[in-house]
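Visitor:
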Amino acid sequence: MDLVLEVGNEEEVTAAALARIAAEGGLPDAERAHAEGAVTADTAEALAHLVDPFDLVSEVPGVELRQASWSAERVDLDPDSPDWDLDEDDDAVAGEDGEETTVG
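Using numbering that gives the first Met the number 0, read the sequence shown as starting at 0 and increasing by one per residue.
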């Protein structure tokens with residue numbers, strides 16, 4: 000599963016991450032300062048503090064998260080470019096009911 004996000008307001012994301020860090024009780028001062036510096040310097044780090052992969056799939060029946068990794072890169076969206084065909088890696092597979100489902 001890949002997720003592609005567009006961040007419309009970096010300051011808002013950073014502020015939310017800083018608020019989450021401030022709300023974490025029992026975090027040592029040095030660790031808190033490091034986390035605050037990381038989310039202030041990089042929006043991807045701020046997102047990492049706000050988005051928990053386990054929370055994304057914990058309510059999905061029949062799914063158990065085995066491993067999650069995080070990577071981010073800044074790109075310029077060009078919807079007319081063939082590089083942005085988000086469906087190009089999709090494969091059609093037959094589900095239990097015989098219906099075709101797209102995955103990828």
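By construction, the Cβ of each residue, glycine as well, lies at the ideal position given by its N, Cα and C atoms.
#1: Taking the alpha-carbon positions, what's the residue 120 to residue 22 distance?
#2: Would you call residue 33 buried or exposed, if buried means 16 or more other Cβ atoms sit within 10 Å of its Cβ?
#3: Among 3, 0, 12, 71, which residue has its Cα nearest to the Cα of residue 38?
#4: With DSSP collapsed to three states, give me the class of residue 73.
#5: Do residue 6 and residue 42 have their C-beta atoms closer together than 9 Å?
#6: Would the beta-carbon of residue 4 fall within 9 Å of that of residue 46?
#7: Candidates 44, 24, 59: which alpha carbon is nearest residue 72's?
#8: Am I right that residue 67 and residue 78 are in contact with their C-beta atoms under 8 Å? What's the rounded C-beta distance?
#9: State the DSSP-derived secondary structure class of residue 26, mapped to helix, strand or coil.
Guide: The structure says:
#1: Nothing about residue 120 can be reported from this structure: the residues present for the chain run from 0 to 103 only.
#2: Exposed, since its Cβ has fewer than 16 Cβ neighbours within 10 Å.
#3: 12
#4: The answer is coil: DSSP assigns residue 73 none of H, G, I, E or B.
#5: yes
#6: Yes, they are a contact pair.
#7: 44
#8: So it is not a contact: roughly 28 Å between Cβ atoms.
#9: coil
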